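Comments concern the structure below.
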C-alpha cells in the first residue's frame, strides 16, 4: 500500500486504492503503528477511490485491538472517497477509537483543510 508520513504536519496519508484489499491495508497499517506508535495520535488521510470492497468489521476490530493509548487531543481520520454512504461506517468507527473522529470528504485538499480547521479550533 502506498503511504506518506508527513513528519512536519504530523499527518499519515495512505492510499487504500493502491492495493484494493482490506487485508493488505490492515497489514500495512498494523506494521506502521507497530513501528511508530506515535502515529496513533496523528491525523490521518485515507484515500479510498475505490474503497476495498472486502472490508469487514473484523478488520476494524483487529486494528482497534492493536491501537495504542488515546491521544492527548482528538485526532481525525479523514476518508477521501466519493462513496456517499461511508459516513455511516465512519460514525460507528468513532466508538472504536477513543479521541478519534472519522470524517468523509471528496478530495485531498478538502481533507487537509478540514484537518487545519479542526487543529485551529482546538488551538493546535
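Residue numbers (my numbering): 7 to 130.
Ideal Cβ placement from N, Cα and C applies to all residues, glycine included.
Computed from a prediction, not measured in an experiment: that's the story for all the values here.
- Apart from sequence neighbours up to five positions away, the residues of its chain that approach residue 56 with a beta-carbon distance below 7 angstroms are 23, 26, ordered along the chain.
- According to the DSSP assignment, residue 35 belongs to the alpha helix (DSSP H) that extends over 28-41.
- Nearest in C-alpha terms to residue 117, of all of 80, 19, 34, 13, is 19.
- Buried is the label assigned to residue 53, since at least 16 other Cβ atoms lie within 10 Å of its Cβ.
- Distance from residue 66 to residue 16 at the Cβ level is roughly 23 angstroms; contact not present, criterion being Cβ atoms closer than 8 angstroms.
- Annotation: the continuous beta strand (DSSP E) that includes residue 10 extends over 8-12.
- The continuous alpha helix (DSSP H) containing residue 100 extends over residues 92-100.
- Here residue 37 is exposed. Its C-beta has fewer than 16 other C-beta atoms within 10 Å.
- Taking residue 93 as the centre and dropping the five residues before and after it, the same chain places the C-beta of 110 closer than 6 angstroms to its C-beta, in chain order.
- By the C-beta density criterion, residue 35 is buried, having at least 16 other C-beta atoms within 10 angstroms.
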